[in-house]
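Asker:
In my numbering, the protein residues as written are 2 to 348.
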């Protein structure tokens, strides 16, 4: 399916890429014929790339953020790859990148999604092991790129665990990009700083092995960000973990956390790229992040439920005037909330 993004709903006609939260819902139940599939978002009028944005299984409602180039007529195309049936798709746009060739430090450049890593062609990543791959200077990404936007997918995991993405050559941060259960195929978008050698490292924190796939859809230009709207990367840093602080967020309750002026984020911050994770959930529900003091938007960031009691999703969230971000848990049950920040945008 193809839909209009440029020139509607506040997105300018010359937008070159959009940030959208993509949700699959309504795949057939586990007793029906549909068992799994994946969705690829790409510029309208272009060939479907060999990449995925969102993997799903029967009965799941699952979300993932995507940065998608805008194509012919200002449109984006979503392709459902499943030989077994149809699904319902929801696309909530959270932001856009304007036209013109990016030149200033921290500016974003979108690209057609391209596969940079697929361990299924080599060997599984074992318990506690890491794999590194070339990002800077490969596949159209410049050698001096500051950070890459990539869709990270885990498949064939033999146990539960999580994956952390970070610059090659640096210590593994106390953060996660993707949580998974045994035998689950699950994706998540990540904004990852590139190491001095142009590489990114993925570490599997689990007692079992996994296959890892990395599809890059854009990068941020090198240099120190100074301009309004410019991006600055952070080593993934945990800003919130209610398991260690306030405790679970009650159904329809909220939790706020400080962003501006802490952990390397300056006071003049407009928004953050943050991996939100719901865990220890008590019922079906979803998390929605927004600027502190603002009204809760109608576009959730993380969906969780009986098939995904631990669910992550990357989000771009604006920061409130008090320097804080609020997360609301829309559910009849409670949930623990984790927030790992990987970069910020200046105002």
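C-beta: ideal position from N, C-alpha, C; glycine also.
(1) Any heavy atom of the ligand SAH closer than 8 Å to the Cβ of residue 255?
(2) Taking residue 227 as part of the beta strand (DSSP E), name the residues at either end of that continuous run.
(3) Since residue 188 is in the beta strand (DSSP E), which residue starts that stretch and which ends it?
(4) Which one or two residues does DSSP pair with residue 286 in a beta bridge?
(5) Among the residues of its own chain, which have a CB less than 6 Å from the CB of residue 224, if the five just before and after it don't count?
(6) Classify residue 229: buried if its beta carbon has 16 or more other beta carbons within 10 angstroms, exposed otherwise.
(7) Would you kindly report the start and end of the unbroken beta strand (DSSP E) that includes residue 114?
(8) Residue 122 by DSSP, collapsed to three states: which one?
(9) For residue 96, which three-state DSSP category applies?
(10) Along the beta strand (DSSP E) that carries residue 337, what are the first and last residues, could you check?
(11) In chain order, what residues of the same chain have a beta carbon less than 7 Å from the beta carbon of residue 111, not counting five sequence neighbours either side?
(12) Report the residue from 160, 176, 191 and 203 whose alpha carbon sits nearest the alpha carbon of residue 183.
(13) Output the distance between the C-alpha atoms of residue 50 and residue 41, rounded to the nearest integer angstrom.
(14) Note down the Cα distance separating residue 255 from residue 139, rounded to an integer number of angstroms.
(15) So the beta strand (DSSP E) residue 200 belongs to, where does it begin and stop?
(16) Flag this pair as touching only if the stretch 2-16 and the stretch 73-86 have three or more C-beta atom pairs under 8 Å; answer yes or no.
(17) Nearest by alpha-carbon distance to residue 83: which of 55, 91 and 200 is it?
(18) Candidates 289, 319, 296 and 122: which alpha carbon is nearest residue 312's?
(19) Determine whether the beta carbon atoms of residue 238 and residue 264 lie at a separation below 9 Å.
(20) Apart from the five residues on each side of it in sequence, which residues of its chain come closer than 7 Å, Cβ to Cβ, to residue 100?
(21) On a Cα-Cα basis, can you pick out the residue from 214, 58, 172 and 92 that is closest to residue 151?
(22) Measure the C-alpha to C-alpha separation of residue 118 and residue 327 and round it to an integer number of angstroms.
(23) Quick one: Cα of residue 281 to Cα of residue 211, how far?
(24) Under the rule that 16 or more other beta-carbon atoms within 10 Å means buried, what is residue 277, buried or exposed?
(25) Check whether the Cβ atoms of residue 334 and residue 252 sit closer than 9 Å, and answer yes or no.
(26) So which of 136, 144 and 87 has the shortest CA-CA distance to residue 193?
(27) By the 10 Å Cβ neighbour count, where 16 or more other Cβ atoms means buried, how is residue 190 classified, buried or exposed?
(28) Quick one: grab the DSSP three-state call for residue 41.
(29) Residue range of the beta strand (DSSP E) that residue 23 falls in?
(30) With DSSP as the reference, label residue 219 as helix, strand or coil.
(31) Take residue 96 and list the residues in its own chain whose beta-carbon comes closer than 6 Å to its own, dropping the five residues that flank it on each side.
(32) Near residue 323, which residues of its chain fall below 6 Å by C-beta distance, leaving aside the five closest residues on each side in sequence?
(33) Alpha carbons only, please: which of 241, 27, 44 and 285 is nearest the one belonging to residue 351?
(34) Quick one, which of 59, 236, 92 and 269 has its alpha-carbon nearest residue 227's?
(35) Taking only three categories from DSSP, how would you classify residue 297?
Answerer: Reading from the atomic positions:
(1) Questions concerning the ligand SAH fall outside what the structure shown contains, since it holds no ligand whatsoever.
(2) Your numbering for residue 227 matches position 226 in the chain shown. Premise fails: residue 227 is in no beta strand (DSSP E) and is neither H nor E.
(3) Indexing the chain shown from 1 puts residue 188 at position 187. From DSSP, the beta strand (DSSP E) with residue 188 extends over 187-194.
(4) The residue you call residue 286 lines up with position 285 of the chain shown. DSSP, once it has assigned bridges, lists 305 and 332 as partnering residue 286.
(5) For the purposes of this step, residue 224 is taken as residue 223 along the chain shown, with counting starting at 1. 106, listed in sequence order.
(6) Taking the chain shown and counting its residues from 1, the one referred to as residue 229 is at position 228. Exposed: under 16 other Cβ atoms inside 10 Å.
(7) The count along the chain shown starts at 1 and reaches residue 114 at position 113. Segment 109-119, the beta strand (DSSP E) holding residue 114.
(8) Numbered from 1 along the chain shown, position 121 holds the residue referred to as residue 122. It is helical.
(9) The residue given as residue 96 occupies position 95 in the chain shown. Three-state DSSP puts residue 96 in a strand.
(10) Locating residue 337 in the chain shown gives position 336, where the first residue counts as 1. Residues 337-347.
(11) For the purposes of this step, residue 111 is identified with residue 110 of the chain shown, where counting begins at 1. Excluding residues within five positions, the ones whose Cβ falls inside 7 Å are 17, 18, 68, 70, 98, 218 and 219.
(12) Within the chain shown, the letter at position 182 stands for residue 183. Measuring from the Cα of residue 183, the nearest candidate turns out to be 160.
(13) By 1-based counting over the chain shown, the position of residue 50 is 49. By 1-based counting over the chain shown, the position of residue 41 is 40. If you take the alpha carbons of residue 50 and residue 41, they lie about 8 Å apart.
(14) Position 254 of the chain shown, counting from 1, holds the residue named residue 255. Position 138 of the chain shown, counting from 1, holds the residue named residue 139. Cα to Cα, the separation comes out at about 42 Å.
(15) Along the chain shown, read from residue 1 onward, the residue named residue 200 stands at position 199. From DSSP, the beta strand (DSSP E) with residue 200 extends over 200-207.
(16) yes
(17) Here residue 83 is taken as the residue at index 82 of the chain shown, counted from 1. For the residues 55, 91 and 200, the minimum Cα distance to residue 83 belongs to 55.
(18) On the chain shown, residue 312 is found 311 positions in, with the first residue counted as 1. It is 289.
(19) As a position in the chain shown, residue 238 is number 237, starting the count at 1. As a position in the chain shown, residue 264 is number 263, starting the count at 1. Yes, these two residues count as a Cβ contact at 9 Å.
(20) For this step, residue 100 is matched to residue 99 along the chain shown. Within the same chain, residue 100 has close Cβ partners 15, 16 and 17.
(21) As a working mapping, residue 151 is identified with position 150 in the chain shown. Among 214, 58, 172 and 92, the Cα nearest to that of residue 151 is on 214.
(22) Reading the chain shown from its first residue, position 117 is the one you call residue 118. Reading the chain shown from its first residue, position 326 is the one you call residue 327. Each residue's alpha carbon lies about 34 Å from the other.
(23) For the purposes of this step, residue 281 is taken as residue 280 along the chain shown, with counting starting at 1. For the purposes of this step, residue 211 is taken as residue 210 along the chain shown, with counting starting at 1. Using only the alpha carbons, I get a separation of about 23 Å.
(24) Against the chain shown, residue 277 aligns to sequence position 276. Answer is buried; the Cβ neighbour count reaches 16.
(25) Taking the first residue of the chain shown as position 1, residue 334 is located at position 333. Taking the first residue of the chain shown as position 1, residue 252 is located at position 251. A contact, by the Cβ cut-off of 9 Å.
(26) Start at 1 with the first residue of the chain shown, and residue 193 comes out as number 192. Measuring from the Cα of residue 193, the nearest candidate turns out to be 136.
(27) Taking the chain shown and counting its residues from 1, the one referred to as residue 190 is at position 189. The residue in question, residue 190, is buried, as its Cβ has 16 or more Cβ neighbours within 10 Å.
(28) For the purposes of this step, residue 41 is taken as the residue at position 40 of the chain shown. Residue 41: strand per DSSP, three-state reduction.
(29) Within the chain shown, numbered from 1, the residue matching residue 23 stands at position 22. Its beta strand (DSSP E) spans residues 18-26.
(30) The residue given as residue 219 occupies position 218 in the chain shown. Strand.
(31) For the purposes of this step, residue 96 is taken as residue 95 along the chain shown, with counting starting at 1. Contacts found: 20 and 317.
(32) Working through the chain shown from its first residue, we reach residue 323 at position 322. Here the set comprises 293.
(33) This structure leaves residue 351 out entirely; the chain is present only between 2 and 348.
(34) One-based indexing of the chain shown puts residue 227 at position 226. Selected option, being the one with the closest Cα: 269.
(35) For the purposes of this step, residue 297 is taken as residue 296 along the chain shown, with counting starting at 1. Coil.
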